[in-house]
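To start, the structure under review is shown below, and the notes come after it.
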Amino acid sequence: MSLQQKAYAWIGSPVGVSLMDGTGTSGILCSVQGGSIYLIEYLYHTQFATKHYAFNQIRDIYPFPQCPQPQVLYQAKPIY
3 MSLQQKAYAW IGSPVGVSLM DGTGTSGILC SVQGGSIYLI EYLYHTQFAT
53 KHYAFNQIRD IYPFPQCPQP QVLYQAKPIY
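The numbering used here numbers the first residue of the sequence shown as 3 and each following residue consecutively.
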């Protein structure tokens, strides 16, 4: 699947973005426009920023995995 196809498929989803320079970022993929993706990223405290990355800066885009389901542990009642 091409980067563009991945980007369109994951609009509105949390993604990790691997960049060509070896760094990466993550956030919610907001839109795809004019050869770039727009990602809302957390900065700090209550601040978020929408940043854009051109497709030629991106190595790959990965959807966040699902959270593991917590294991339910049953504790046996003591027998008296």
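Note that CB positions come from ideal geometry on N, CA and C, so glycine has one too. Because the structure is a prediction, the values reported are computed rather than measured.
Item                                                                                                                                          : Value
Among Y46, A56, G36, whose alpha-carbon lies nearest the alpha-carbon of S20?                                                                 : A56
Could you tell me whether the stretch 42 to 51 touches the stretch 61 to 69, where touching means 3 or more Cβ pairs closer than 8 angstroms? : no
By DSSP's criteria, I39 is part of a beta bridge. Which residues make up the other side?                                                      : V34, Y55
Under a three-way DSSP split, which group does Q71 fall into?                                                                                 : coil
Quick check: P65 and V17, are their CB atoms within less than 9 angstroms of each other?                                                      : yes
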